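>
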Amino acid sequence: MSVSEDRLVEPSPTSPAPAPAIADPAPLGLAGFALTTFLLSAANANWMTHATGAAFIGYALAYGGLCQLLAGMWEFRNRNVFGATAFSTYGGFWIGLYVWFVVIASKAPASAAGAVNKDVGWILLSFAIFNTYMLIMSTQVNLAVFTVFLTLEATEIIDAIAKFELGTAATSGILQLGGYVGMVTALAAWYTSAAGVSNGIAGKIRLPVGKPLLA
1 MSVSEDRLVE PSPTSPAPAP AIADPAPLGL AGFALTTFLL SAANANWMTH
51 ATGAAFIGYA LAYGGLCQLL AGMWEFRNRN VFGATAFSTY GGFWIGLYVW
101 FVVIASKAPA SAAGAVNKDV GWILLSFAIF NTYMLIMSTQ VNLAVFTVFL
151 TLEATEIIDA IAKFELGTAA TSGILQLGGY VGMVTALAAW YTSAAGVSNG
201 IAGKIRLPVG KPLLA
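Numbering (my numbering), first residue to last: 1 to 215.
Dropping the structure here:
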């Protein structure tokens with residue numbers, strides 16, 4: 001998601017040397033987002049039948065949260081407003097989800113399960129609103145980034161519906177569908193991350209990201 005800008009400026013003998021450019025933080029941010037999304041979505045898709053389904057929690061704080069937030073801060077250094085806003089926001093999303101789970105959800109009585117799930121519904125709805133205008137703006141980045149935001153939009157909407165409708169016969173199926181779409185989102189983010197790594201290495205392996213939908 002990073003857009004670098006080369007500036008050809010000849011320093012004067014008395015001026016300090018320009019600060020070196022930093023590496024593109026986008027592959028790290030995308031990788032952290034992808035892994036945490038995959039773990040949560042696999043649980044929602046009911047793939048973790050022999051696991052607790054809570055594998056995502058620690059990584060929501062450390063990888064999807066902290067590492068992605070750091071990527072967002074480095075994108076500010078790169079003057080990439082899109083990447084900075086996206087990574088910082090979703091880093092905050094995962095950290096907030098971790099805190100909410102540890103402080104509220106894990107201590108709520110079984111009788112409050114419905115209200116707890118509706119909390120998640122409101123959280124997802126709020127981020128879907130944010131994701132909507134980021135999806136529109138991603139049409140000016142590249143096809144790979146647009147695909148990440150498009151599948152993420154679908155994931156958030158489907159999961160929000162499932163959480164709001166918890167208790168109905170269709171809920172488990174809706175949540176499972178959201179899990180499948182979420183795993184597609186994770187794969188799209190992993191691919192975009194890998195493409196960023198390949199371009200950063202500048203070696204023989206280059207993964208295409210596609211042209212912007214709106215040039």
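Cβ atoms here follow ideal geometry from the backbone N, Cα and C, with glycine treated the same way. Remember, it's a predicted structure, so these values are computed and weren't measured experimentally.
1) Leaving out the 5 sequence neighbours to the left and right, which residues in its chain are closer than 8 angstroms to residue 118 when beta-carbon positions are compared?
2) Assuming contact is defined by CB atoms lying nearer than 7 angstroms, are residue 209 and residue 195 in contact in what I supplied?
3) Classify residue 190 as buried or exposed, calling it buried when 16 or more other Cβ atoms lie within 10 Å of its own Cβ.
4) Are there 16 or more other CB atoms within 10 angstroms of the CB of residue 57, so buried, or fewer, so exposed?
5) Counting Cβ pairs, one atom from each stretch, are 3 or more of them under 8 angstroms apart for the stretch 58-73 and the stretch 95-112?
6) Report whether the distance from the Cβ of residue 192 to the nearest heavy atom of the ligand GTP is below 6 angstroms.
7) I'd like the ranges of any alpha helix (DSSP H) spanning at least 4 consecutive residues and lying wholly in the stretch 88-152.
8) Give the C-beta separation of residue 82 and residue 148 to the nearest angstrom, bearing in mind that I take them to be a contact with Cβ-Cβ under 8 angstroms.
9) Distance check for residue 69 and residue 175, CA to CA, integer angstroms please.
10) In terms of residue numbering, what span does the alpha helix (DSSP H) encompassing residue 22 cover?
11) In three-state terms, what does DSSP make of residue 166?
12) Using the Cβ count rule (16 or more neighbours within 10 Å means buried), how would you classify residue 133?
13) Count the other CB atoms, across all protein chains shown, that sit within 10 Å of the CB of residue 181; report buried if there are 16 or more and exposed otherwise.
14) Quick one, are the C-beta atoms of residue 87 and residue 72 less than 7 angstroms apart?
15) Can you list, in chain order, the residues of its chain whose CB lies under 8 angstroms from that of residue 143, leaving out five sequence neighbours each side?
16) Just to confirm the assignment, what range does the alpha helix (DSSP H) spanning residue 206 have?
17) Taking Cβ positions, are residue 156 and residue 112 nearer each other than 7 angstroms?
With the given structure in hand:
1) 163, 164 and 166
2) yes
3) buried
4) buried
5) yes
6) Within the structure as shown, the ligand GTP is missing, as the structure has no ligands at all.
7) 113-138
8) Incorrect: roughly 12 angstroms between the Cβ atoms, too far for contact.
9) 27 angstroms
10) Taken as a continuous stretch (DSSP letters only), residue 22 belongs to no alpha helix (DSSP H), as it is neither H nor E.
11) strand
12) exposed
13) buried
14) yes
15) 209, 210, 211, 212 and 213
16) Element bounds for residue 206: n/a, residue is neither H nor E.
17) no
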